[in-house]
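Engineer:
In full-length UniProt numbering, the protein residues as written are 1 to 306.
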């Protein structure tokens, strides 16, 4: 049995709680597919589950990097495959859970990450354009060139935005086209793909309340602590939603209230991009607030397992 359950979907839909409940019943272990939860010390802003929320279920691919480390999609896939194989070798069921679309799709599609062509002159030009026009304009440009890649990259993550643009201008092919061409044979794993969603007004309310909860739990204090440790505000981990905005507030660039509203708005926009991304895949969708969610999911898994 090489079954791997995948629970995807936008932020604040209850993926973590469902993954823990399923793992407890099916003998599973959670494999996080979240590009911020991989970092140590980034707990509140990433909605990293607490020990109580984990309920004794082993969680992997969390707290594996220092906050100033870099981590690519290729790095994620390589490590996730090792973790999944190790979990299966013990007769357990891996439950991949998260909202980072590029992580999950690259794992499911078994993408082969070949060395991409780089061009220093192109990179320099794009960096200058970023300084002149700003991150939003560069993300809009990527949306015009490669909408699929843009949907998976937050405008705050300027490093990845510029990298995707550089790939296109250096090779004439988009990052999405290159990834499609680099797919290997079918994955050795049997993925059961599930996704959670709910009505937009309900989703947005859940997101807003989650952000309020993060602030109450100490989001700003968490970010302040990271900065005091010497973690650069421009490093990869600090580009996550909630962290970059908090840095602006702590630096006096915006008010506390404006910062909180910006985090909520950016989180809602991110949820839109997540929905766009996951709807391209072959997922079975479930209503996150349905009273019968758990039983429906369990039944679907039973019907679609090898």
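Here a beta-carbon is modelled for each residue, glycine too, at the ideal position from N, C-alpha and C.
Values in this document were obtained by computation on a predicted structure and should not be read as measured data.
Would residue 19 and residue 95 qualify as a contact pair, given that the criterion is a beta-carbon distance under 8 Å?
Structural biologist: Yes, the Cβ-Cβ distance between residue 19 and residue 95 is below 8 Å.
Engineer: Taking its Cβ as the centre, do 16 or more other Cβ atoms sit within 10 Å of residue 234, making it buried, or is it exposed?
Structural biologist: Flag for residue 234 reads exposed.
Engineer: Where DSSP assigns a beta bridge to residue 94, which residues make up the other side?
Structural biologist: The partner list for residue 94 (beta bridge, DSSP) reads 29.
Engineer: Determine the direct distance from the alpha carbon of residue 289 to that of residue 196, and round the result to whole angstroms.
Structural biologist: Rounded to the nearest angstrom, the two C-alpha atoms are 9 Å apart.
Engineer: In terms of residue numbering, what span does the alpha helix (DSSP H) encompassing residue 201 cover?
Structural biologist: It spans 200-217 - the alpha helix (DSSP H) in which residue 201 sits, taken as one unbroken run.
Engineer: Select from 214, 217, 147 and 84 the residue whose C-alpha is nearest the C-alpha of residue 59.
Structural biologist: Among 214, 217, 147 and 84, the Cα nearest to that of residue 59 is on 84.
Engineer: Are the region 133-151 and the region 216-224 in contact at 8 Å, needing three or more beta carbon pairs?
Structural biologist: Touching, no, given that fewer than three Cβ pairs across the two stretches are closer than 8 Å.
Engineer: Residue ranges of each beta strand (DSSP E) run of no fewer than 3 residues wholly in the region 263-299, ordered along the chain?
Structural biologist: DSSP runs (the beta strand (DSSP E)) wholly in the region 263-299: 284-287.
Engineer: So, do the region 201-209 and the region 228-242 have three or more beta carbon pairs nearer to each other than 8 Å?
Structural biologist: Short answer: they don't touch.
Engineer: What runs of the beta strand (DSSP E), each 3 residues or longer, lie entirely inside the region 3-72?
Structural biologist: Counting only runs of 3 or more, we get 3-8 and 28-32.
Engineer: Assuming residue 5 contacts residue 108 (C-beta within less than 8 Å), just tell me the rounded distance between them.
Structural biologist: In fact, because the Cβ distance is near 12 Å, the residues do not count as touching under 8 Å.
Engineer: Quick check: the region 55-73 against the region 120-137, are there 3 or more CB pairs under 8 Å?
Structural biologist: No, they do not touch.
Engineer: Pop quiz: residue 297 and residue 193 are said to be a contact at Cβ under 8 Å. What is the actual Cβ separation, rounded to whole angstroms?
Structural biologist: Incorrect: roughly 12 Å between the Cβ atoms, too far for contact.
Engineer: Taking the alpha carbon of residue 73 as the point to measure from, which residue in 153, 3 and 217 has its own alpha carbon closest?
Structural biologist: The option with the nearest alpha carbon to residue 73 is 153.
Engineer: When you compare the CB positions of residue 10 and residue 99, do they come within less than 8 Å of one another, or not?
Structural biologist: Yes, these two residues count as a Cβ contact at 8 Å.
Engineer: Do residue 49 and residue 16 have their beta-carbon atoms positioned less than 8 Å apart in this structure?
Structural biologist: Yes.
Engineer: Can you tell me whether residue 192 is helix, strand or coil according to DSSP?
Structural biologist: Strand at residue 192.
Engineer: Just to confirm before moving on: does the CB-CB distance between residue 41 and residue 214 stay below 8 Å?
Structural biologist: No. Outside cutoff.
Engineer: Taking 7 Å as the limit between beta carbons, can you name the residues of its chain near residue 150, skipping five residues before and five after?
Structural biologist: If we look at residue 150 and ignore the five residues flanking it on each side, its Cβ neighbours are 139, 142 and 143.
Engineer: For residue 106, tell me which candidate among 82, 131 and 78 has the shortest Cα-Cα distance.
Structural biologist: Nearest option by C-alpha distance: 78.
Engineer: My output table needs one value for residue 197: the three-state DSSP class, helix, strand or coil.
Structural biologist: Three-state DSSP puts residue 197 in a strand.
Engineer: Starting from the C-beta of residue 262, find all residues in its chain whose C-beta is less than 6 Å away, skip the five residues before and the five after it, and write them out in chain order.
Structural biologist: Only 245 meet the Cβ criterion.
Engineer: Run the CB neighbour count on residue 133, radius 10 Å, all protein chains shown included, and call it buried at 16 or more, exposed below.
Structural biologist: Result: exposed.
Engineer: Taking the CB atoms as reference points, tell me whether residue 275 and residue 286 lie closer together than 8 Å.
Structural biologist: No.
Engineer: Where does the unbroken alpha helix (DSSP H) through residue 143 begin, and where does it stop?
Structural biologist: 135-145 is the extent of the alpha helix (DSSP H) around residue 143.
Engineer: Measuring only from the beta carbon, is residue 233 closer than 7 Å to any heavy atom that is part of the ligand ATP?
Structural biologist: Ligands displayed in this structure: none; no statement on the ligand ATP is therefore possible.
Engineer: Excluding the five sequence neighbours on either side, which residues of its own chain have a C-beta within less than 6 Å of the C-beta of residue 8, listed in chain order?
Structural biologist: Taken in chain order, the residues that qualify are 104, 195 and 278.
Engineer: CB-CB under 6 Å to residue 113, same chain, minus the five flanking residues each way: which ones, in chain order?
Structural biologist: Around residue 113: 74.
Engineer: Which word fits residue 264, buried or exposed, when buried means at least 16 other C-beta atoms lie within 10 angstroms of its C-beta?
Structural biologist: Buried: at least 16 other Cβ atoms inside 10 Å.
Engineer: For residue 23, collect the residues of the same chain with a Cβ closer than 7 Å to its Cβ; drop the 5 residues on either side in sequence, then sort them by chain order.
Structural biologist: Taken in chain order, the residues that qualify are 29, 30, 57 and 95.
Engineer: Which residues in the same chain have their Cβ closer than 8 Å to the Cβ of residue 210, if we skip the five residues on either side of it in sequence?
Structural biologist: Closer than 8 Å at the Cβ level, and outside the excluded window around residue 210, lie 11, 12, 47 and 267.
Engineer: Distance check for residue 61 and residue 37, CA to CA, integer angstroms please.
Structural biologist: So the alpha carbons of these two residues sit roughly 8 Å apart.
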